[in-house]
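J.: Right, I'll just put the structure down here and ask away after.
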Amino acid sequence: MNSTVINPVLPGDRPDPAVLKDGEDYWLTWSSFEAAPGLAIWHSRDLVNWRYVGSALERPLGSTFAVDIAKHGDRYFIYIPFIPAPWSQEITEPSIYVIHAPSMEGPWSEPIDLGIRGAIDPGHAVGEDGKRYLFTNGIRRVQLTDDGLATVGELEKVYDGWQYPEEWVTEAYALEGPKLLRRGEWFYMVSAVGGTSGPPTGHMVIAARARSIDGPWENSPANPVARTWDASERWWSRGHATLVEGPGGDWWMVSHAYENGYRTSGRQILLESIVWNDDCWPVAPAADLAAALAAPARQEPRPAVFEDAFTEVQLGEHWTFHGASPDERERLAAGEDGLRVAASGHSPADSSPLVILAGDHAYEVEVELELDGDGVEAGLLLFFNHRLFCGMGVTADRMISYSGGQPTHWREPYAPARSVTLRIVNDRHIVTGWYRTGGEWVRHAIRYEVSGYHANTMGDLQSLRPAIYASGEGAARFRRFTYRRLSDER
């Protein structure tokens, strides 16, 4: 095999990847958390090069994560765990819903409540009896009806996991993310233990198998299948994996990990080869994934620039709302004069900004904006969550500088204007702001260091993303947005 891949396969925060092989086609989605639209669907023929085809969850349920994709008969299913949003009135604890469609490109049904409470990380399987099941964190199992849209009975404990040595440094035991497959005479269950974030050596991939879907499950003597063994490795907290047969009959593992030194980019998607040993257990030959690895296809170069003239509303592939309400899309109107965003909230924190993923070590973002109304504030940010962001906002009479999720005391000597172009450069965690109102660029007087804007700081599994927002009263119009990679390292 002459083709190679340099991880990540898809850069940026795309955690808990779920992959479905359907003939010659591969379908991929990942945890969308508070993004709306959610559950972006990507397609590939080779597991290396992926194309966005749509989003399965147009309206938010809450914070959605660790889904599973399944095909049964001629229909497709996505089983969705979520933590209810603050505006939810009916459900108050983690729950699992399902959506279904005649094609992975949709149209997808409205979410259906499976009545599963207090469980996450569903994994779909069909037993030797032809019955359908969901496995969840724990590891627990519940039978599904034949149509996959309701449950039969209650969750029951079926597997205790594999116990790693006590002296290993992990975040928590956290047995989760079961993904099941049938190969030969065995059912295999691939799970995660060790905790998603926390110490870089925590998260890991383990395997177990059984001759029946009812067990008993035996652990692989080769466990863990994958783990970050030392903090000097490039990829940290490797885990939450799916095993999938490649286009040439070989086997691959799709997982996620943080990049050493760049937790701000979130958990990114990795691809690595799998071999089956003489005892029919999966083994990952690569101890570290820093170098180029053999791959099923040639990796196509990734564009260095993304530009958006905002002549139409396009959500899903690049832009999503963070922390959206069900009717958030109604705030947007696009045309030849750009994207009009109606103000929401009182500040960037509760404005439900529009965000895009960033997986580069160094990049710049730039946008033109125009204020519509005296009570609106609009701007350009690097946004982690409602408690942590930095950047610039402008009102009719001043510029507001943000750092650490708070307005700073610095009063930038900015001459108020209705129209302004803003630029933010993130050069390996050193953030510099620029602005201009028709003349030369002016560098913002204060720079920020943002290497700590990540999950271990905030206890929230997000990433640092470029964002535009409008808060207060009125609206703002955005034109000519540009994202440009500045480093060839990625």
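For this note's numbering, count along the sequence shown from 1 and bump the result up by 795. Just so it is clear, CB atoms sit at the ideal spot from N, CA and C, and this is done for glycine as well. What you are looking at is a predicted structure, and each value in this text was computed from that prediction instead of being measured.
#1: Cβ of T996 within 9 angstroms of Cβ of T965?
#2: Rounded to whole angstroms, what's the CA-CA distance from R1006 to A851? Just pull it up for me.
#3: Under DSSP, the alpha helix (DSSP H) around N1251 begins and ends at which residues?
#4: Between the beta-carbon of G956 and the beta-carbon of I1001, is there less than 9 angstroms?
#5: Report yes if the CB atom of I864 is closer than 9 angstroms to the CB atom of A813, and no otherwise.
#6: L976: which of K866, S839, G990, K952 sits nearest, CA to CA?
#7: Just the Cα atoms here: how many angstroms apart are P775 and S1068?
#8: So, at 6 angstroms on beta carbons, what are the nonlocal neighbours of R809 in its own chain, with the 5 sequence-adjacent residues on each side left out?
#9: Going by C-alpha to C-alpha distance, which of P1011, E1040, G972, G833 sits closest to R1033?
#10: Please identify the residue among S1142, G1233, R1093, A1137 whose C-alpha is closest to the C-alpha of V800.
#11: Should S1214 be labelled buried (16 or more other beta-carbon atoms within 10 Å of its own) or exposed?
#12: Assign T1059 to one of three DSSP states: helix, strand, or coil.
#13: If we count Cβ pairs, one from each stretch, closer than 8 angstroms, do we get three or more for the stretch 1222 to 1230 versus the stretch 1107 to 1114?
#14: Is the stretch 830 to 845 touching the stretch 854 to 863 in the sense that three or more CB pairs, one from each, lie closer than 8 angstroms?
#15: Only counting the same chain, and skipping five residues up and downstream in sequence, which positions put a Cβ closer than 7 angstroms to that of G913?
#16: Tell me which residue opens and which closes the beta strand (DSSP E) that E923 is part of.
#17: Name the one or two DSSP bridge partners that T931 has.
#18: State the Cα-Cα distance for the pair P917 and I878, rounded to the nearest angstrom.
#19: Using DSSP with H/G/I as helix, E/B as strand and the rest coil, what is E1125?
#20: Classify Q1257: buried if its beta carbon has 16 or more other beta carbons within 10 angstroms, exposed otherwise.
#21: With a CB to CB cut of under 7 angstroms and the five nearest residues on each side skipped, what residues in its chain are close to K816?
#22: Please list, in chain order, all residues of the same chain as A1017 whose beta carbon is under 6 angstroms from its beta carbon, the five residues on each side excluded.
#23: Compute the distance between the beta-carbons of G943 and H998, then report whether it is under 9 angstroms.
#24: Looking only at C-alpha atoms, which of L1175, A1240, G1228, R1218 sits nearest to W1205?
#25: So, are the CB atoms of F1101 and A1129 less than 9 angstroms apart?
#26: Give the list of continuous beta strand (DSSP E) stretches no shorter than 3 residues that lie fully inside the stretch 1095 to 1167.
#27: Could you name the residues of the same chain whose beta carbon sits closer than 8 angstroms to that of A1210, not counting the 5 residues immediately before and after it, in chain order?
#28: Could you name the residues that DSSP lists as bridge partners for P1261?
#29: Rounded C-beta distance between G1267 and E1172? I'm assuming under 8 angstroms.
#30: What are the partner residues of M1286, as DSSP defines its beta bridges?
#31: When DSSP labels each residue in this structure, what does A1212 get in the three-state scheme?
#32: For S839, which three-state DSSP category applies?
#33: Grab the span of the beta strand (DSSP E) containing P1019 for me, first residue to last.
#34: Given this structure, state the Cα-to-Cα distance separating Y1248 from V843, to the nearest angstrom.
#35: Among A1085, V1020, E885, E951, which one has its Cα closest to the Cα of V804?
T.: So, to answer that:
#1: yes
#2: 34 angstroms
#3: 1250 to 1253
#4: Yes.
#5: yes
#6: K866
#7: In the structure displayed, the chain extends from 796 to 1285; residue 775 sits before or after that span and is not available.
#8: W825, I1064
#9: G972
#10: R1093
#11: exposed
#12: helix
#13: no
#14: yes
#15: E888, P889
#16: First-last for E923: undefined, no H or E at that position.
#17: R935
#18: 14 angstroms
#19: helix
#20: Around the C-beta of Q1257, 16 or more other C-beta atoms lie within 10 Å, and the residue is accordingly described as buried.
#21: V1039, E1040
#22: The residues W1076, V1078, in chain order, have a CB closer than 6 angstroms to that of A1017 in the same chain once the five nearest residues on each side in sequence are set aside.
#23: Contact flag unset, no.
#24: A1240
#25: no
#26: 1100 to 1103, 1115 to 1117, 1127 to 1130, 1133 to 1137, 1157 to 1167
#27: T1232
#28: L1177
#29: 5 angstroms
#30: In the structure as shown, the chain begins at 796 and stops at 1285. Residue 1286 is therefore absent and cannot be evaluated.
#31: coil
#32: strand
#33: P1019 -> no beta strand (DSSP E), and no H or E assigned at all.
#34: 29 angstroms
#35: A1085
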